[in-house]
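When we follow my numbering, the leftmost residue of the sequence shown carries the number 651, and every step to the right adds one. All C-beta atoms, glycine included, are put in the ideal place defined by N, C-alpha and C. This report refers to the structure that appears directly beneath it.
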Amino acid sequence: TDLNLTVDVEGESLSGTVTHTLRSRTPGFKSITFHAVDFQKIRVEDPDGNPLSHQYDGSEIRITWEVDFDRNEERRVAISYLIVKPVTGLFFSKPSKTRPDLARYAATDSESERRGIGFPASIIRRSDPRSPSIFAPRRS
């Protein structure tokens, strides 16, 4: 997984692109779903040009490639998005008129019920043997 994110503490927003590398365990896999709560300006693409489509319902992005994966085939998917003033999962701190001493920072909450807030996290159904593995390739 490769992250290219921009945090705007003053605007209480996060934007960027997350690129996941997927490896199919068995042939026949062609879709995956990611938690992605209240994302805006979503763009989904395969950086290597494999045709795909996506649907977004406000909380999940379902991505489907036109062609099934082969066994152990790797593909990448890049999800670009914007989040503005999230209700939970991503927090911002900045000085205010009543608290001028506050530090400027952004923090995430990684509780499982908040996954997909601030970062597109996959829903892997381990009972499906065709589920892909998501991994970070070794860098040389």
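*asked:* Quick check on S790: buried or exposed, where buried means 16 or more other Cβ atoms within 10 Å of its Cβ?
replied: A caution first: S790 carries a pLDDT of 44, below 50, which makes its placement in the model too unreliable to give a value.
*Compare the C-beta of S663 with all C-beta atoms of chain D and state if any pair is closer than 9 Å.*
Within the model displayed, chain D is absent; a lone protein chain is all it includes.
*State the CB to CB distance for the pair E710 and F684, rounded to an integer number of angstroms; the pair is presumed to be in contact (CB under 8 Å).*
7 Å between Cβ atoms; contact.
*Grab the span of the beta strand (DSSP E) containing T758 for me, first residue to last.*
For T758, the enclosing beta strand (DSSP E) begins and ends at Y755 to T758.
*Three-state secondary structure assigned by DSSP to N654*: Three-state DSSP puts N654 in a strand.
*Could you check if L664 is buried or exposed, using at least 16 other CB atoms within 10 Å of its CB as the buried criterion?*
The residue is buried, with at least 16 neighbouring Cβ atoms inside 10 Å.
*Which parts of the stretch 658-715 are runs of the beta strand (DSSP E), unbroken and 3 residues or longer, counting only runs that do not cross its ends?*
Secondary structure within the stretch 658-715: the beta strand (DSSP E) runs of 3 or more consecutive residues, fully enclosed, are 663-674, 681-685, 690-695, 702-706 and 710-715 (chain order).
*Same chain, Cβ closer than 6 Å to D720, neighbours up to 5 away in sequence not counted*: In its chain, beyond the 5 residues on either side, P677 have a beta carbon closer than 6 Å to the beta carbon of D720.
*Apart from the five residues on each side of it in sequence, which residues of its chain come closer than 6 Å, Cβ to Cβ, to P701?*
Within the same chain, P701 has close Cβ partners E716.
*Can you tell me whether F785 is buried or exposed, with buried defined as 16 or more other CB within 10 angstroms of its CB?*
Interpretation of F785 is limited by its pLDDT of 46, a score under 50 that renders its predicted location unreliable; the figure taken from the coordinates is listed afterwards. Classification of F785: exposed, given that the 10 Å Cβ count is below 16.
*How many whole angstroms separate the CB atoms of R754 and S743, which I take to be in contact at a CB cut-off of 8 Å?*
Taking a contact as a CB-CB distance under 8 Å, the pair R754 and S743 counts as one, their CB atoms being some 7 Å apart.
*asked:* If I measure Cβ to Cβ from V657 and keep anything under 6 Å in the same chain, skipping five residues before and after, which residues do I get?
replied: Sequence-distant partners of V657 (beyond 5 residues in either direction) whose C-beta falls short of 6 Å from its own C-beta, in its chain, are L664 and A756.
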